Amino acid sequence: MTQAPDGEVARGAGFGIAPGTAKGPGVLVGMPFDRALLARFKETFPTARWRRALRRWFVPGTTAERRVDAWIARELAALDAFGDDKGRDAYAFEPLRSPYLETPHDALVVRTPYARAVVDTLRTIPFAHWEPALRAWRVPWRSYEALRAVWPAIAEAAAANEPEARRARREAARDPAAEAERRRRRHPVPRGDPPPLGVPVETAAYGVVTFEALDADPLDPAEAAARYPAAAGPGPLVWGWWRMPTLAELAGLTPAAAPDRPGRGWWPATRAGIEERRRRLRESARARETRARGPGVARSPAAVPGGGTGA
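Residues in the sequence shown are numbered from 1 upward in steps of one, following UniProt numbering.
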């Protein structure tokens with residue numbers, strides 16, 4: 001997870017300033033995500049650029065720190081001085097009770113299993129931001145009414161992404177025979193037109209894979225047709241034994257414009273197939289990281305320009 005830049009100084013309410021990079025004078029600005037706030041920032045600092053790796057905005061110039069400090073001061077002064085008290089009063093009158101919500105005095109804390117819908121919804125709440133030290137989202141009390149308005153969607157998405165719920169969906173969609181066949185890591189290919197070994201290619205059944213070996217003996221046509229009805233010649237079919245490609249293999253692959261002869265069971269990998277395999281490989285890597293960290297730990301939101309600079 002990306003940490004706060006070295007030397008970052010908090011300015012309150014989720015704002016922070018850090019020294020700029022070696023590329024030129026300026027400052028890095030962290031701030032809570034709010035669409036109106038971001039629009040005002042861009043209007044005030046039109047030369048600011050998003051630093052994706054740092055999840056901060058870079059404002060160039062030798063006077064950048066003074067100008068940014070003045071802007072932050074104006075934004076803080078414009079905040080409703082009684083907004084947090086009003087939010088606490090609203091919570092006392094109509095509280096949200098949920099295992100995903102904690103209510104310390106300084107701010108609301110939202111901690112859920114990772115779900116894209118949760119992240120996207122929280123980003124619509126003024127001044128909500130990801131807190132790396134807590135591995136959770138902090139929402140100021142002044143934004144309680146906004147949080148309460150969208151809470152049903154957050155709670156529903158969080159519950160749907162609990163490990164037990166995901167496991168139940170997988171079990172309901174299981175096809176034991178297909179899963180057993182997939183674990184064999186084999187696919188029928190024409191003996192007269194086999195895929196290149198060691199090079200990722202695309203298949204209808206398993207997407208982009210890398211074949212490592214081919215059997216010499218031909219398959220029983222009935223056996224191949226029962227499991228892979230789309231596979232055809234030319235000539236007899238043999239089992240090809242495959243593995244998942246690596247991200248490095250995919251990076252060096254030139255995509256084909258379209259499947260050339262899909263009837264033979266394989267074809268040069270297309271751009272769509274490569275992107276889908278990349279996405280699944282990254283998802284698998286993230287899942288392994290989550291399991292290694294232990295249960296109940298939320299993953300940080302993806303960094304996008306203006307999309308949660310508090311992360």
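Ideal Cβ placement from N, Cα and C applies to all residues, glycine included.
No experiment lies behind these values; they were computed from the predicted model shown.
Going by C-alpha distance, which of the options is nearest residue i?
i    : options                : result
R182 : P236, M244, E164, A258 : M244
F127 : A133, L108, V118, P255 : L108
A256 : P163, R51, I274        : I274
Y228 : H187, P60, R135, S284  : H187
K24  : F58, G12, E94          : The sequence shown places Gly at residue 24, rather than the Lys named in the question. That would be F58, whose Cα lies nearest to the Cα of G24.
A48  : G20, P176, W242        : G20
T246 : L281, R35, D260, A231  : L281
A10  : A92, L122, A177, E131  : E131
Y91  : H129, Y144, A70        : Y144
A178 : A159, L214, A226       : A226
D120 : D85, A133, D34         : D34
A251 : R293, A231, R278       : R278
Please list, in chain order, all residues of the same chain as residue i whose beta carbon is under 6 Å from its beta carbon, the five residues on each side excluded.
i    : result
F15  : M31, I72
P140 : A107, F127
E8   : G16, A18
R299 : For R299, the predicted structure reports a pLDDT of 47, less than 50, and the residue's modelled location is therefore unreliable. The matter cannot be settled from this model.
P5   : A18, L28, L54
By how many angstroms is the C-alpha of residue j removed from the C-alpha of residue i?
i    : j    : result
A204 : E249 : 20 Å
T210 : L54  : 35 Å
P221 : V238 : 10 Å
P104 : R88  : 10 Å
F82  : R286 : 41 Å
W137 : A155 : 14 Å
E216 : Y100 : For the record, residue 216 in the displayed sequence is Ala; it is not Glu. Computed Cα separation, rounded: 57 Å.
L253 : A224 : 29 Å
E212 : R52  : 38 Å
A13  : E75  : 10 Å
V29  : W241 : 52 Å
R184 : P196 : 20 Å
A157 : R56  : 28 Å
G61  : G198 : 51 Å
P176 : R167 : 15 Å
F93  : E102 : 17 Å
Which same chain residues end up closer than 7 Å to residue i when comparing Cβ atoms and leaving out the 5 residues on each side of it in sequence?
i    : result
E276 : G207
R261 : W267
Quick check on residue i: does DSSP put it in helix, strand or coil?
i           : result
R291        : helix
I274        : helix
A213        : strand
F93         : helix
W141        : helix
T44         : helix
I72         : helix
A256        : strand
A10         : strand
E171        : helix
W57         : strand
G16         : strand
A136        : strand
P5          : coil
T121        : helix
V109        : strand
E162        : coil
A222        : helix
P196        : coil
residue 331 : No answer is possible for residue 331: it lies beyond the span of the chain, which begins at 1 and ends at 311.
Any C-beta of chain B sitting closer than 7 Å to the C-beta of residue i?
i    : result
T121 : The question asks about chain B, but that chain is absent: this structure has only one protein chain.
Using C-beta distances below 8 Å, list every residue in its chain close to residue i, excluding the 5 sequence neighbours before and after it, in chain order.
i    : result
L219 : P188, P236, L237, V238, W239
L96  : L147, R148, W151
Compute the minimum distance between the beta carbon of residue i and the heavy atoms of the ligand NAP, and state whether it is under 6 Å.
i    : result
P245 : Looking for the ligand NAP in the displayed structure turns up nothing, as the structure carries no ligands at all.
On the three-pair Cβ rule with 8 Å, is the segment 56-70 touching the segment 107-125? no
Cβ pair count under 8 Å reaching 3, the segment 252-270 against the segment 189-202: yes
Between the segment 188-198 and the segment 148-157, are three or more C-beta pairs nearer than 8 Å? no
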